[in-house]
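Residue numbers (our numbering): 2 to 195.
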Ligand SMILES: [Ca+2]
Ligand SMILES: [Ca+2]
């Protein structure tokens, strides 16, 4: 895992969703060249995707309707690249949703070139590899044009978003244990936008 970020409401564009939900995602290329990812989210309801589909909260505004990878620089509205769930014609066949004891939900998947996507994974591979190489040389995170966004009933266009950055393996391995403010600080202050 050499890529990751924090998802928050204030990274949504065109406007801050005002959401108090948040997430962390760690990603890396496996030996086949597929992009594996582990996304852990606090404050959104993934009940529809788990077991018999029992909601995790009574309120419906927090019900997740889509998990998407998008293509745009930080702060800009992007095109859908890969709808993990919630987009007809797209989808990740490797998804595993896990409800954690602390109330968070972890979504694990593998984005392969063969997955049905609007923009294929191969479009992003050179940029991500180049970012990772620079980070390993300089130690400085590099923010890519790939982001992940989660839509809900209350915010169908996206409630929380995070811009995928190359990060050092030391950060990546413990990304879920890192305070979001700390990681965002690292990314925002040290990062080069590629
Ligand atoms: Ca709910
Ligand atoms: Ca897949």
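Glycine included, C-beta positions come from ideal geometry on N, C-alpha and C. This structure is a prediction, so every number in the text was calculated from the model and none was measured.
Buried or exposed by the 16-neighbour rule on C-beta atoms within 10 Å, applied to residue i
{"i": "residue 157", "result": "exposed"}
{"i": "residue 137", "result": "exposed"}
{"i": "residue 69", "result": "buried"}
{"i": "residue 60", "result": "exposed"}
{"i": "residue 145", "result": "buried"}
{"i": "residue 152", "result": "buried"}
{"i": "residue 268", "result": "Since the displayed the chain opens at 2 and closes at 195, residue 268 lies outside it and no answer follows."}
Helix, strand or coil at residue i [DSSP, three-state]
{"i": "residue 167", "result": "strand"}
{"i": "residue 49", "result": "helix"}
{"i": "residue 110", "result": "strand"}
{"i": "residue 39", "result": "strand"}
{"i": "residue 10", "result": "helix"}
{"i": "residue 248", "result": "Nothing about residue 248 can be read from this structure; the chain reaches only from 2 to 195."}
{"i": "residue 86", "result": "strand"}
{"i": "residue 34", "result": "coil"}
{"i": "residue 92", "result": "strand"}
{"i": "residue 159", "result": "coil"}
{"i": "residue 19", "result": "coil"}
{"i": "residue 5", "result": "strand"}
{"i": "residue 195", "result": "Model confidence at residue 195 stands at a pLDDT of 41, short of 50, so the residue's coordinates are unreliable and nothing is read from them."}
Boundaries (first-last residue) of the beta strand (DSSP E) holding residue i
{"i": "residue 69", "result": "65 to 72"}
{"i": "residue 24", "result": "23 to 30"}
{"i": "residue 150", "result": "143 to 153"}
{"i": "residue 79", "result": "Segment: none, residue 79 is in no beta strand (DSSP E) and carries neither H nor E."}
Range of the contiguous alpha helix (DSSP H) that encloses residue i
{"i": "residue 122", "result": "First-last for residue 122: undefined, no H or E at that position."}
{"i": "residue 126", "result": "126 to 139"}
heavy atom of ligand 3 below 7 Å from residue i C-beta
{"i": "residue 66", "result": "Judged by which ligands are present, ligand 3 is missing from the structure shown, whose ligands are ligand 1 and ligand 2."}
> Relative to ligand 1, what is the chain-ordered list of residues with a Cβ closer than 7 Å to any of its non-hydrogen atoms?
Replying inline: 46, 48, 56, 57, 58, 59, 60, 61, 63 and 64
> Listed by chain order, which residues have C-beta atoms less than 5 Å from any heavy atom of ligand 2?
Replying inline: One residue list follows from the rule of a beta carbon closer than 5 Å to any heavy atom of ligand 2, given in chain order as 93, 94, 95, 111, 113 and 116.
> Does the stretch 12 to 19 come within contact of the stretch 87 to 98, defined as at least 3 CB pairs closer than 8 Å?
Replying inline: no
> Given 8 Å as the limit, is there contact between the stretch 48 to 59 and the stretch 119 to 139, that is, 3 or more CB pairs closer than that?
Replying inline: no
>> Three or more C-beta pairs under 8 Å: does that hold for the stretch 158 to 165 against the stretch 94 to 106?
In response: no
>> Tell me whether the stretch 128 to 135 and the stretch 98 to 115 touch, counting them as touching only if at least three CB pairs, one residue from each stretch, are closer than 8 Å.
In response: No: the two stretches stay apart, fewer than three of their Cβ pairs being nearer than 8 Å.
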